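Colleague:
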Amino acid sequence: MKFMTLSNKNKLIALATCAVLISGCSDDDDDPMIVQEDAPAPVVMQTFDVTVTNLSANQPLSPVFIATHGADQSLWMAGAPASVAIEKLAEGGDSSDLTAISSLTHTVNGNGPIMPGMSETLTLSINEADVASISLATMLVNTNDAFAGVNNYDLTTMAVDDSSMMTLWVYDAGTEANSEAKGSMPGPADGGEGYNSVRDDVDFIHVHPGVISMYDGLADSVLTPSHRFDNPAISVKITRAQ
Amino acid sequence: MKRTLVSASVLAAGLISFSNVAAELEISVTNLTHGNHFTPLLIAAHDSANHLFQVGQMASPEIQKMAEGGDIADLDALVSSINGVTSANPAMGLLNAGASVSNVMLDTGDNDVLSIVAMVLPTNDAFVGLDNWVIPTEAGTYTIYVNAYDAGTEANDEIINGGGMSGVPGIPAAPGGDGGENATGVMDNATNSYVHVHPGVLGDTDPVGGASDLDSRIHRWLNPVAKVVVMVK
């Protein structure tokens, strides 16, 4: 948006210059030079490398979703109900609705799940005029609706080669009861259901209280102690490469 | 060398004062857990090209020895071999829950990062770990909260059997005298052989049986498990 305003302004100045030149002199072979001046400025890109590491004991991460967007946008807000797009990610690891949000300037999806101890680096090249905020989300797949991510991190202050390292805690989307029951979780511990539109939990996003597991008194749970987690669950390193 | 001499003479003349590459640190460590001990701490300043451990990487044999049995001798020797400086066992033994060790002095020399490790006891292979904290060049007091990691080298069976040597299953001891016995063991076929954030211990409330010899009312924790205060002089 900013870029468009700027280029329009340049165009106006160029037109004005052109008008003065035209009125000030006879039209001979000066014209081609004026046309060249009127060409749009080259698009300057900024490139960011985002490395996500799974710090958990036994919670694979769904393919990571990363987006850039305006500073006034957030993918979620603690204390407020989750959007259906976040619900789909948190219950089923499905980022397609998030990717479809039209106001996001750029999106990128991970190539596959990130297993415990593993990392993945994804790269975003952003039109300089669009550089504002970045967000990231991924599901802890051996849970009912736990997710972790970055919510609206400011990229504008990053110079080339600057990097920012953050460790992140786990949220509960609040859209599905934490039953841990057979058939309710999409990860390898269960292989059960992902997204279900029914909201049978508190319906607001909160810091995840952790999973219980069958060993700890939740008789119906199919989870074992290693599926429990403490914060932080993922680390994210953002480096501006260009 | 030449620079050191120059700055020393400038300081002697009382013209300006600034901190050189070398830093004099005064460190304190507090055990923030409810009921776990830290085995002897290793506080090390070393070059940032090296790590004592890294999340997502396999633990070294030296880290394994520290995390499974609390033995920091090999790790201390390793840091010395890369020209690092250490304070080994500043608490002169175990650091109880809620206790602090203070006034640990460390002259870092040319080393630019600080790492701290100690085993969390009673656990199979949990350790409190600070990995390559960049030592500030500006004088001041800095506070760091530190997490507990799982070395990924031993299954968390939660059986107290004296097993503290590398590769030997089980927990060496519950120093508080609050562990159980005759546990059947926490069986979880998970295999994460990388250093990771510890999922926490399970425990149970049966001191003479059950799955775990740990007490779920005493031995659980949530991050952070340690507070480190560093005064850069």
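Those sequence lines, one after another, are chains A and B. With my numbering applied, the first sequence closes on residue 242, and no number is skipped along the way. With my numbering applied, the second sequence closes on residue 1233, and no number is skipped along the way. We treat Cβ as the ideally placed atom computed from N, Cα and C, and that holds for glycine. Here the structure is a predicted model, which is why all the values come from computation and not from measurement.
1. Whole angstroms are fine: how far does the CA of residue 1154/B sit from the CA of residue 1125/B?
2. Quick one: residues in its chain with C-beta nearer than 6 Å to the C-beta of residue 92/A, no 5 flanking neighbours on either side, listed in chain order?
3. Say whether the segment 211-220 of chain A touches the segment 112-127 of chain A, bearing in mind that this needs 3 or more beta-carbon pairs closer than 8 Å, one atom from each stretch.
4. Could you tell me whether the segment 1060-1067 of chain B touches the segment 225-238 of chain A, using the rule of 3 or more Cβ pairs below 8 Å?
5. Measuring alpha carbon to alpha carbon, tell me which of 1215/B, 1127/B, 1104/B and 1080/B ends up nearest residue 1206/B.
6. For a contact meaning CB atoms closer than 7 Å, what does residue 1200/B contact in chain A?
7. Using a Cβ cut-off of 8 Å, which residues of the segment 39-73 of chain A contact any Cβ in chain B, in chain order?
8. Report back the beta-carbon spacing between residue 302/A and residue 171/A to the nearest angstrom; my notes put them in contact at under 8 Å.
9. Can you tell me whether DSSP reads residue 1013/B as helix, strand or coil?
10. The beta strand (DSSP E) spanning residue 1026/B covers which residue range?
11. Between residue 68/A and residue 104/A, is the Cβ-Cβ spacing less than 8 Å?
12. Starting from the beta carbon of residue 164/A, find every residue of chain B whose beta carbon is closer than 7 Å, and list them in chain order.
13. List the endpoints of the continuous alpha helix (DSSP H) containing residue 1064/B.
14. Rounded to the nearest angstrom, how far is the Cβ of residue 177/A from that of residue 222/A, given a contact under 8 Å?
15. Using a Cβ-Cβ distance cut-off of 8 Å, determine whether residue 99/A contacts chain B.
16. Out of 1041/B, 1039/B, 1047/B and 1192/B, which one is the CA nearest neighbour of residue 1132/B?
17. Using a cut-off of 7 Å between C-beta atoms, extract the partners of residue 1196/B located in chain A.
18. Within 8 Å, do at least three Cβ pairs link the segment 1149-1168 of chain B to the segment 1191-1202 of chain B?
19. Counting only Cβ pairs nearer than 8 Å, list the residues of chain B close to residue 233/A.
20. When DSSP labels each residue in this structure, what does residue 1148/B get in the three-state scheme?
21. What runs of the beta strand (DSSP E), each 3 residues or longer, lie entirely inside the segment 31-109 of chain A?
22. Taking residue 1128/B as part of the beta strand (DSSP E), name the residues at either end of that continuous run.
23. Counting contacts by CB-CB distance shorter than 8 Å, is residue 1222/B in contact with chain A?
24. Listing by chain order, which chain B residues have their CB less than 8 Å from the CB of residue 121/A?
25. Return helix, strand or coil for residue 1225/B, following the three-state DSSP convention.
26. Just reading off the beta strand (DSSP E) that residue 148/A is part of, what are its end residues?
27. Spell out the partners DSSP gives residue 240/A in its beta bridges.
28. For the beta strand (DSSP E) that contains residue 1042/B, what are its first and last residues?
29. In chain order, what residues of the same chain have a beta carbon less than 7 Å from the beta carbon of residue 49/A, not counting five sequence neighbours either side?
30. Evaluate residue 1082/B with the Cβ neighbour count: other Cβ atoms within 10 Å of its Cβ, from every protein chain shown; 16 or more gives buried, anything less gives exposed.
31. Among 192/A, 109/A and 210/A, which has the Cα closest to the Cα of residue 174/A?
32. Can you name the residues of chain A whose CB is closer than 9 Å to the CB of residue 1125/B?
33. How is the alpha helix (DSSP H) around residue 1079/B delimited, first residue to last?
34. Can you tell me which of the three DSSP states residue 1219/B falls into?
35. Within a Cβ cutoff of 6 Å, which residues of the same chain sit near residue 1023/B, ignoring the five residues on either side of it in sequence?
Modeller: Looking at the atomic coordinates:
1. Distance between the alpha carbons of residue 1125/B and residue 1154/B: 6 Å.
2. Correct list, in chain order: 186, 194 and 195.
3. Segments in contact, no.
4. Not touching, per the Cβ criterion.
5. For the residues 1215/B, 1127/B, 1104/B and 1080/B, the minimum Cα distance to residue 1206/B belongs to 1215/B.
6. The answer, in chain order, is 228 and 230.
7. Per Cβ criterion, the list reads 53, 54, 55, 56, 57 and 58.
8. It is not possible to answer for residue 302/A, since the shown part of chain A is limited to 1 through 242.
9. Caution is warranted here: a pLDDT of 40 is assigned to residue 1013/B, below 50, making its placement in the model unreliable, and the coordinate value is therefore given only provisionally. Residue 1013/B: coil per DSSP, three-state reduction.
10. For residue 1026/B, the enclosing beta strand (DSSP E) stretches over residues 1024-1031.
11. In contact: residue 68/A and residue 104/A (Cβ atoms closer than 8 Å).
12. Those within 7 Å of residue 164/A in chain B number zero; the least Cβ separation is about 14 Å.
13. Counting along the chain, the alpha helix (DSSP H) containing residue 1064/B begins and ends at 1061-1069.
14. Residue 177/A to residue 222/A, Cβ: 15 Å. No contact.
15. Output row for residue 99/A: interface = no.
16. The shortest Cα separation from residue 1132/B among 1041/B, 1039/B, 1047/B and 1192/B belongs to 1047/B.
17. Residue 1196/B reaches chain A at 55, 56, 57, 116 and 117, counting residues in chain order whose Cβ is nearer than 7 Å.
18. Touching, per the Cβ criterion.
19. Residues of chain B with a Cβ closer than 8 Å to the Cβ of residue 233/A are, in chain order, 1197.
20. Residue state, collapsed to three classes: strand.
21. Considered as a whole, the segment 31-109 of chain A harbours 45-54, 65-69 and 106-109 as its complete beta strand (DSSP E) runs of no fewer than 3 residues, in chain order.
22. 1126-1134 is the span of the beta strand (DSSP E), which, as asked, contains residue 1128/B.
23. So, interface residue.
24. Within 8 Å Cβ-Cβ: nothing; residue 121/A doesn't reach chain B, min ~13 Å.
25. Of the three classes helix, strand and coil, the one that applies to residue 1225/B here is coil, per DSSP.
26. It spans 146-154 - the beta strand (DSSP E) in which residue 148/A sits, taken as one unbroken run.
27. The partner list for residue 240/A (beta bridge, DSSP) reads 48/A.
28. It spans 1042-1046 - the beta strand (DSSP E) in which residue 1042/B sits, taken as one unbroken run.
29. Only 121, 123, 239 and 241 meet the Cβ criterion.
30. Exposed, because fewer than 16 other Cβ atoms sit within 10 Å of the Cβ of residue 1082/B.
31. For residue 174/A, the nearest C-alpha among the options comes from 210/A.
32. Those do not exist, as residue 1125/B stays about 12 Å from chain A at its closest Cβ, beyond 9 Å.
33. Residue range 1073-1081 is occupied by the alpha helix (DSSP H) that includes residue 1079/B.
34. In this structure, DSSP gives residue 1219/B a state outside helix and strand, which the three-state scheme calls coil.
35. The beta carbon of residue 1023/B sits closer than 6 Å to those of 1108, 1135 and 1232, all from its chain and outside the five residues before and after it, given in chain order.
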